[in-house]
Amino acid sequence: MTLDDLYARLAAANLRPLWTITEQLLTPSPRPKAVPWLWPGAAMRPLAEEAIRLVPVERGGERRVLSLANPGLGGKPYVAGTLWGALQALGPHESAPAHRHSPGAIRFVLEGEGVWTTVNGDACDMGPGDLVLTPGWAWHDHTNAGDAPMFWFDGLDLPMIEALDAVFFEPYPELRQPVGGPHNASESLRNRGPTFAEGQVGDALDPAPSPLLVYRWADTDAELTRLAAGNDDAVTSLEFTNPESGASVLPTLGCGMHRIVPGRATLPVRRSGNSVYVVYRGEGHSVMGGRRFDWRAGDMFAAPSWVPVEHHARTQADLFSIGDAPVHRALGIYREQTLAEPQAVTSTFAIEEGTAP
Ligand code: 1HN
85 MTLDDLYARL AAANLRPLWT ITEQLLTPSP RPKAVPWLWP GAAMRPLAEE AIRLVPVERG
145 GERRVLSLAN PGLGGKPYVA GTLWGALQAL GPHESAPAHR HSPGAIRFVL EGEGVWTTVN
205 GDACDMGPGD LVLTPGWAWH DHTNAGDAPM FWFDGLDLPM IEALDAVFFE PYPELRQPVG
265 GPHNASESLR NRGPTFAEGQ VGDALDPAPS PLLVYRWADT DAELTRLAAG NDDAVTSLEF
325 TNPESGASVL PTLGCGMHRI VPGRATLPVR RSGNSVYVVY RGEGHSVMGG RRFDWRAGDM
385 FAAPSWVPVE HHARTQADLF SIGDAPVHRA LGIYREQTLA EPQAVTSTFA IEEGTAP
């Protein structure tokens, strides 16, 4: 057999010799396809309002959701390789039908009142700044009993669960599941909590989701205030934790809140794993991979794995974040590195890039 024969026979046998593979498999560090990107609230909000006017929430589509489609991902509706991020809009007196799926989800409320998400029979009231969990395989539906629309951020581990070939979905037989008793039962049944880790969760791993389903903004705000009083840092960060185990709120998703002092900036940090930030309050900018992204309340931005990220606040700013770090920790592959110097800014993200049709 000649070498050429060998290659021909290997190809015919669906075998590829490693020494001929030209794409770099073992990169020195992660090379996510997703790019740092920002979706301005000013662009999303009017489109979400038009969607309320023009598109009913029905079975099939199930939700009125505008997914953040990272331009690095070739048209996929994913904000980063492992994460789904979206703006969801629920109009007055609408319900989004009950279903369940193996991917887990979190909601972070931007605006509105009179809405609840029912999670396995527990109606969780939603208000601005609240974090609501719908763990994997929990039945959930959303109801707006008020006269105003509600807007929230949805974060899901869907692309990660898809990569694991583990997506399951089931519609509930009725439009809405019955509510089992008084609203917000998970809050009254809790042993203690809500609980938070300063910075981020370290070692605690828990394959179970948090039994507490709602983290109220008043509690988050009070904890940020308490933690910030104890340091001189540019940023005070907390991670929402499972009150039973101290682990992340979902086994696949960590949720955090970051309060940045006006006029101050963080050093650049790079982390393995993808993150998405939602600007809850304030104005400032972040530099990601040498590119400047200006932001204000309602904006959302993607920070892909290992891209250096630094935040600068013009006014006091509160950034909500989700990330897949719990999975990296569980697998023993988590890494982070703080760089000694701010990044040189080589370009600025133009808001038009986020608004162009
Ligand atoms: C979903 O179930 C919700 O329950 C939101 O509100 C976004 C994106 C993909 C798949 C399921 C929700 C979703 C989703």
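Take our numbering: the final residue in the sequence shown is number 441, and no numbers are missing along the way.
Each residue gets a CB set at the ideal place from its N, CA and C atoms; glycine is no exception.
Since we're looking at a predicted model, the values are computed, not measured.
Alanine 387 is bridged by DSSP to Ser359. Judged by DSSP secondary structure, threonine 309 falls within the alpha helix (DSSP H) whose first and last residues are 301-313. Inter-residue distance for aspartate 290 and tyrosine 91 is about 48 Å (C-alpha atoms, whole angstroms). Proximity to the ligand 1HN was defined by a C-beta distance below 5 Å to any of its heavy atoms, and the residues meeting it, in sequence along the chain, are Arg147, Val149, Asp238. If you draw a straight line from the Cα of glycine 156 to the Cα of lysine 117, it comes to about 5 Å.
Shortest Cα-Cα distance from proline 346 to any of Ala318, Gly357, Val353 involves Ala318. Assigned with DSSP and collapsed to three states, glycine 156 falls in helix. For isoleucine 136, there is no enclosing beta strand (DSSP E); the residue is found in the alpha helix (DSSP H) stretching over 125-138. Closest in alpha carbon position to tryptophan 236, among Pro255, Leu248, Val199, is Val199. When Cβ pairs closer than 8 Å are counted between the two stretches, the region 386-396 is seen to touch the region 361-369, the count reaching three or more. When C-beta atoms of the region 158-169 are compared with those of the region 356-363, three or more pairs fall below 8 Å, so the two segments count as touching.
Of all alpha-carbon atoms in Ala207, Asp238, Ala135, His183, the one lying nearest the alpha-carbon of methionine 384 is that of Asp238. Under the DSSP assignment, aspartate 89 falls in the alpha helix (DSSP H) whose first and last residues are 87-96. When the beta-carbon positions are compared, proline 410 and serine 332 come within less than 9 Å of each other. Under the three-state reduction of DSSP, valine 393 is assigned to strand.
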